[in-house]
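Participant:
Protein chains: 2
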Amino acid sequence: MTARKQRLNPRKQPIQNRSKVTVDAILLAATQVFEAHGYAAGTTNRIASQAGVSIGTLYQYFPSKEAIAVALLERHITDTDHRLHEWVGHMVVERHGLCEALHDYVAGMLEIHTRQPRLQHILLEETPLPERVHQALLEAEQNAAKTVAGLIRLYPEVRSSCLEHTCFVIFQTVESLTHRYAAHPDDQFIPRTTFVDEVVKMLMAYLTCDMPSMAG
Amino acid sequence: MTARKQRLNPRKQPIQNRSKVTVDAILLAATQVFEAHGYAAGTTNRIASQAGVSIGTLYQYFPSKEAIAVALLERHITDTDHRLHEWVGHMVVERHGLCEALHDYVAGMLEIHTRQPRLQHILLEETPLPERVHQALLEAEQNAAKTVAGLIRLYPEVRSSCLEHTCFVIFQTVESLTHRYAAHPDDQFIPRTTFVDEVVKMLMAYLTCDMPSMAG
DNA sequence: ACATAAAGTGAGCATTTACTCATAATTGGT
DNA sequence: ACCAATTATGAGTAAATGCTCACTTTATGT
């Protein structure tokens, strides 16, 4: 609750191996505590306790509660980016058809969002983040959209009057649908594989069917 | 912060007109304060102050901070439901084509989500809500999906091997895409009308193009 | 005019939280 | 064995928050 984020840098950098282990334990504990209690109720004291270190130790390596959340989020951004590039590399090497490529894409994104759905939700939606983190997220997202566009461009069967618009919609669709599906495990009255198949069907139709332009 | 939600019912029901005005003022102030500060930092004292009533008055009509959020959310659910039925009625009377119908649907949903995007985001994502509210939301959502399915069924050009699955995907797509578009005003590097048109195009393609079944 | 119910007040309490700091323990190099 | 740097400790602090309650003011019916 308090808003005294005076310190911006940690007091110590982990130098010895001992302290690196401590930092990892804190981050692991933070994921567990945030997942169990949410951001607001996930207190730093609880995180320290769960990590098996004292509250003082926690504040040696993280200048604020917010810094912990930012660290977790940065890790997630890196993971996602890595995964996406892995997927593109795979597609280019294997020369899969558009349909399989989309299937891999959707399934992969769904898996990423399913890994720690609650944590991601908490970090992305519940946590009040500084502006620079929001911008980093936006940037990462735009890069991802471009990466997707770069791959889709390779398929000649794609018919689109404006590939940029189309790819924006594709990316947003996959992102928001998989996020939503993973975040609300209760809503899922259609099974996962069916869901992926249907989404792929929709994307295929959108990409390959020539629709007449809209009427006013 | 405190977790002493002992009282479940308000101490008073608004009887005279005077108190009804007060309750409205509190709810209005709550939307403003939540939009400006988020849920956690949107303190009850601030809400009361913004409403021009004392903190004591607030607690006469709302037993807890949570109750205020629930009241706002219930209002939103009602609004959305009303809007959806209005749309269906309009479509049935006017006998619009599928394309126009979808266009109206997407545009309408986008407008609903644009009305108070930040407030909705706060209520739905930041606010820790009791289980019964989550269930009410789920129920409302499923009803909405059924309503949409009921309308789509009327159009003979719709080709679908399983209308239930298709409508689930349609509904989730429109819901999550419009929500996302409205919630992140920065991401919008394609204009609103283009966005609506593209989404409609995608839905049309999905609904009317016959796609071969997926390969393993 | 009067009585009773309804509506409104706001200082303050109990609790919680993020964070500090003086001190102690551990480590590694010599 | 010794010392300085690194790492760890946890009781304590100041600030903030949700909420209560004893009390005052206003409206209504007769």
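Protein sequence lines, in the order shown, are assigned to chains A and B. Read in order, the letters of the first sequence are residues 55 to 270 in this note's numbering. Read in order, the letters of the second sequence are residues 55 to 270 in this note's numbering. Note that CB positions come from ideal geometry on N, CA and C, so glycine has one too.
Comparing C-alpha positions only, which one of B:LEU164, B:ALA105, B:CYS221, B:ILE122 sits nearest to PRO182 of chain B?
Facilitator: Within the second sequence, the letter at position 128 stands for residue 182 of chain B. Residue B:ILE122 is the option with its Cα nearest to PRO182 of chain B.
Participant: Taking buried to mean at least 16 other C-beta atoms within 10 Å of its own C-beta, is LYS119 of chain A buried or exposed?
Facilitator: Along the first sequence, read from residue 1 onward, the residue named residue 119 of chain A stands at position 65. The residue in question, LYS119 of chain A, is buried, as its Cβ has 16 or more Cβ neighbours within 10 Å.
Participant: Please report how far the alpha carbon of ALA90 of chain A lies from the alpha carbon of ASP251 of chain A, in whole angstroms.
Facilitator: Along the first sequence, read from residue 1 onward, the residue named residue 90 of chain A stands at position 36. Along the first sequence, read from residue 1 onward, the residue named residue 251 of chain A stands at position 197. Taking the straight line from one Cα to the other gives about 32 Å.
Participant: What separation, rounded to the nearest whole angstrom, lies between the Cα atoms of GLU128 of chain A and GLN70 of chain A?
Facilitator: Residue numbering aside, residue 128 of chain A sits at position 74 when the first sequence is read from its first letter. Residue numbering aside, residue 70 of chain A sits at position 16 when the first sequence is read from its first letter. Roughly 23 Å separates the two Cα atoms.
Participant: Spell out whether any CB of chain B is found under 8 Å from the CB atom of TYR159 of chain A.
Facilitator: Counted from its first residue, the first sequence places residue 159 of chain A at position 105. Answer no: the Cβ-Cβ gap between TYR159 of chain A and chain B never drops below 8 Å.
Participant: When you compare each of B:CYS153, B:TRP141, B:ILE101, B:SER103 to LEU261 of chain B by their alpha carbons, which one comes out closest?
Facilitator: Position 207 of the second sequence holds residue 261 of chain B. Nearest of B:CYS153, B:TRP141, B:ILE101, B:SER103 to LEU261 of chain B, Cα basis: B:CYS153.
Participant: Starting from PHE116 of chain A, follow the alpha helix (DSSP H) in both directions and report where the run begins and ends.
Facilitator: The residue you call residue 116 of chain A lines up with position 62 of the first sequence. Run containing PHE116 of chain A: none; DSSP gives neither H nor E here.
Participant: If you run the structure through DSSP and keep just helix, strand and coil, what is ASP240 of chain B?
Facilitator: Position 186 of the second sequence holds residue 240 of chain B. It is coil, neither helix nor strand.
Participant: Please report the straight-line C-alpha distance between ASP158 of chain B and ALA237 of chain B, rounded to a whole angstrom.
Facilitator: What you label residue 158 of chain B is simply residue 104 of the second sequence in a count that begins at 1. What you label residue 237 of chain B is simply residue 183 of the second sequence in a count that begins at 1. Looking at the two C-alpha atoms, the distance is approximately 20 Å.
Participant: Apart from the five residues just before and just after PHE116 of chain B, which ones in its own chain have a Cβ nearer than 8 Å to its Cβ?
Facilitator: The residue given as residue 116 of chain B occupies position 62 in the second sequence. Closer than 8 Å at Cβ, skipping near neighbours: PRO64, ILE80, ILE122, ALA125.
Participant: DSSP three-state call for MET256 of chain A: helix, strand or coil?
Facilitator: Working through the first sequence from its first residue, we reach residue 256 of chain A at position 202. The answer is helix: DSSP assigns MET256 of chain A an H, G or I state.
Participant: Output needed for LEU62 of chain A: all residues of its chain with C-beta closer than 7 Å, excluding positions within five of it in sequence on either side, in chain order.
Facilitator: As a working note, residue 62 of chain A is residue 8 in the first sequence. PRO117.
Participant: Hey, is GLY204 of chain B's beta-carbon within less than 8 Å of any beta-carbon in chain A?
Facilitator: Counting from 1 along the second sequence, the entry for residue 204 of chain B is found at position 150. Chain A contact via Cβ: absent.
Participant: Enumerate in chain order the residues of its own chain whose CB-to-CB distance from HIS233 of chain B is below 6 Å, with the five nearest sequence positions on each side excluded.
Facilitator: By 1-based counting over the second sequence, the position of residue 233 of chain B is 179. Hits under 6 Å: HIS167.
Participant: Between the Cα of GLU140 of chain B and the Cα atoms of B:THR248, B:GLU218, B:THR201, B:ILE206, which residue gives the shortest distance?
Facilitator: Residue numbering aside, residue 140 of chain B sits at position 86 when the second sequence is read from its first letter. Closest option to GLU140 of chain B, Cα to Cα, is B:THR201.
Participant: VAL223 of chain A touches chain B at which residues, Cβ-Cβ below 9 Å?
Facilitator: Taking the first residue of the first sequence as 1, we reach residue 223 of chain A at position 169. Here the neighbours are LEU231, ILE244, PHE249, GLU252, VAL253, LYS255, MET256.
Participant: Within 10 Å of its beta-carbon, does CYS216 of chain A have 16 or more other beta-carbons around it, so buried, or fewer, so exposed?
Facilitator: To locate residue 216 of chain A, count along the first sequence from 1; it is residue 162. Exposed is the call here.
Participant: Specify the secondary structure class of CYS263 of chain B as computed by DSSP and reduced to three states.
Facilitator: Numbered from 1 along the second sequence, position 209 holds the residue referred to as residue 263 of chain B. Three-state result, CYS263 of chain B: coil.
Participant: Output the distance between the C-alpha atoms of TYR176 of chain B and CYS263 of chain A, rounded to the nearest integer angstrom.
Facilitator: What you label residue 176 of chain B is simply residue 122 of the second sequence in a count that begins at 1. What you label residue 263 of chain A is simply residue 209 of the first sequence in a count that begins at 1. First, the amino acid is wrong: residue 176 of chain B is Ile here, not Tyr. ILE176 of chain B and CYS263 of chain A: Cα-Cα distance of roughly 38 Å.
Participant: From A:PRO68, A:GLN226, A:THR134, A:ARG149, pick the residue whose C-alpha is nearest to that of VAL253 of chain B; which is it?
Facilitator: Walking along the second sequence from the start, residue 253 of chain B turns up at place 199. Minimum Cα distance to VAL253 of chain B is reached at A:GLN226.
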